[in-house]
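Heads up: the sequence shown begins at 24 in the working numbering, then just goes up one per residue.
Just so you know, even glycine gets a beta-carbon here, dropped at the ideal spot from N, CA and C.
Only a predicted model underlies this, so the values are computations on that prediction, with no experimental measurement involved.
Structure first, commentary second.
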Amino acid sequence: MPFAMIDGQPLHYLDQGQGPVVLLGSSYLWDHAMWAPQIDALSQHYRVIATDLWGHGQSGRLPEGMTSLDDLARQALALMDHLHIDAFNLVGLSVGGMWGARLALMAPERLQKLVLLDTYVGVEPEPTRQYYFSLFDKIETSGSIPEPLLDIIVPIFFRPGIDPQSPLYQQLRASLAALPAERLRDSIVPLGRIIFGRDSILSRLPELDAQRTLVMCGDQDKPRPPSEALEMAELIGCPHVLIPEAGHISNLENPEFVTEGVLEFLRQAH
Numbered sequence: 024m025p026f027a028m029i030d031g032q033p034l035h036y037l038d039q040g041q042g043p044v045v046l047l048g049s050s051y052l053w054d055h056a057m058w059a060p061q062i063d064a065l066s067q068h069y070r071v072i073a074t075d076l077w078g079h080g081q082s083g084r085l086p087e088g089m090t091s092l093d094d095l096a097r098q099a100l101a102l103m104d105h106l107h108i109d110a111f112n113l114v115g116l117s118v119g120g121m122w123g124a125r126l127a128l129m130a131p132e133r134l135q136k137l138v139l140l141d142t143y144v145g146v147e148p149e150p151t152r153q154y155y156f157s158l159f160d161k162i163e164t165s166g167s168i169p170e171p172l173l174d175i176i177v178p179i180f181f182r183p184g185i186d187p188q189s190p191l192y193q194q195l196r197a198s199l200a201a202l203p204a205e206r207l208r209d210s211i212v213p214l215g216r217i218i219f220g221r222d223s224i225l226s227r228l229p230e231l232d233a234q235r236t237l238v239m240c241g242d243q244d245k246p247r248p249p250s251e252a253l254e255m256a257e258l259i260g261c262p263h264v265l266i267p268e269a270g271h272i273s274n275l276e277n278p279e280f281v282t283e284g285v286l287e288f289l290r291q292a293h
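As structure tokens, then:
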């Protein structure tokens, strides 16, 4: 799988299929493989590009001087330039939607359709922000994500009642437990602080093209509750879809529903 040098670091990405381009933006603490069900389906009709966030998967460390989610949006545009892709669709989940909305505002002429999944572009609620920052401090100090923190962090991504012995749950737990100290300290923790210390762009959402935007959210998403998705959809004036039986990683908890919804939206003529 290929790499592109962006801001002095190797950005790792998958490039599969042919046709109109769909760029997939992943969640924090997951790599591009989180999109496996969607990549399989979408790449039958589209050219699918899915990146690894800095410090995730096989991408390099967080580039020097990064301070904002605007940097992630600009870097995604740099990847598209590197691949000589002028126009594309974007499907972003969690932080993928946070920078995805910024990209849509930054370069509206290049974006054909935008799907915002389980995401929120307002500020992080202050109690949650402080809580996450306290977890980052602990991870930074210990150079690992110890068992008690795994017990806190892993369930955040899934709907309540998921079987902790399920492969999905156990795979995430194992991948987080295996993260090396250097990667946690130089990339994962600082990127987390950028994500959860973000500024709000809610006031700019009416600038997005409502006909070309779709908001989707797991009906049991805890970190990004459906009320946030509804708030954004109303500001944009676009359709809003609740994903049944799904938490934060809705595309893996109810992959068929998400894949069908995304495909149907991409096929619509506007």
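Query                                                                                                                                                                    : Result
Can you check the segment 144-182 for any alpha helix (DSSP H) of at least 4 residues that lies completely inside it and give the ranges in chain order?                 : 149-165, 170-179
Buried or exposed: serine 189, going by 16 or more other Cβ atoms within 10 Å of its Cβ?                                                                                 : exposed
With distances taken from CA atoms, which of Gln67, Gly220, Gln32, Trp53 is nearest glycine 145?                                                                         : Gly220
Just to confirm, are leucine 195 and leucine 228 a CB contact at a threshold of 7 Å?                                                                                     : no
Please determine, among Arg208, Phe181, Glu205, Arg235, the residue with the shortest C-alpha to C-alpha distance to isoleucine 266.                                     : Phe181
Pick helix, strand or coil for proline 249, following the three-state DSSP scheme.                                                                                       : helix
How far does the beta strand (DSSP E) with proline 27 in it reach, from first residue to last?                                                                           : According to the sequence as given, residue 27 is alanine; it is not proline. It spans 26-29 - the beta strand (DSSP E) in which alanine 27 sits, taken as one unbroken run.
For the segment 73-141, list the beta strand (DSSP E) runs that are entirely contained and at least 3 residues long, ordered along the chain.                            : 111-116, 134-140
List the endpoints of the continuous alpha helix (DSSP H) containing glutamine 39.                                                                                       : No alpha helix (DSSP H) holds glutamine 39; the beta strand (DSSP E) holding it covers 32-39.
Excluding sequence positions up to five away, which residues of its chain have a Cβ less than 6 Å from the Cβ of methionine 101?                                         : The question names methionine, yet the displayed sequence has alanine at residue 101. Only Ile29 meet the Cβ criterion.
Per DSSP, what kind of secondary structure is leucine 202 in: helix, strand or coil?                                                                                     : coil
What does the Cβ neighbour count give for glutamate 276, buried or exposed, with the cut at 16 atoms within 10 Å?                                                        : buried
What is the DSSP secondary structure of glycine 220, counted as helix, strand or coil?                                                                                   : coil
By Cβ distance, which residues of its chain are closer than 6 Å to valine 138, with the 5 residues on each side in sequence left out?                                    : Val114, Leu237, Val285
Please classify glutamine 41 as buried or exposed, where buried requires at least 16 other C-beta atoms within 10 Å of its C-beta.                                       : exposed
Would DSSP call leucine 46 helix, strand or coil?                                                                                                                        : strand
Check whether the Cβ atoms of histidine 263 and alanine 256 lie closer than 7 Å to each other.                                                                           : yes
Straight-line CA distance for arginine 235 to glutamate 132?                                                                                                             : 12 Å
Put leucine 191 into one of helix, strand or coil per three-state DSSP.                                                                                                  : helix
Give the DSSP bridge partners of threonine 236, in chain order.                                                                                                          : Leu137
For leucine 173, I'd like the list of residues in its chain whose CB is within less than 8 Å of its CB, leaving aside the five on either flank, ordered along the chain. : Arg196, Leu199, Ala200
Just the C-alpha distance for glutamate 163 and arginine 208, rounded to the nearest angstrom, thanks.                                                                   : 6 Å
Do tyrosine 36 and threonine 90 come within 7 Å of each other at the CB atom, strictly closer than that value?                                                           : no
Considering Cα atoms alone, identify which of Gly48, Gln81, Tyr69 is closest to methionine 24.                                                                           : Gln81
Candidates Val71, Met129, Asn274, Phe111: which alpha carbon is nearest aspartate 94's?                                                                                  : Met129
State buried or exposed for isoleucine 217, treating a residue as buried only when at least 16 other CB atoms are found within 10 Å of its CB.                           : buried
Report the three-state DSSP secondary structure of histidine 303 (helix, strand or coil).                                                                                : Within the shown structure, residues of the chain are numbered from 24 to 293, placing residue 303 beyond reach of any answer.
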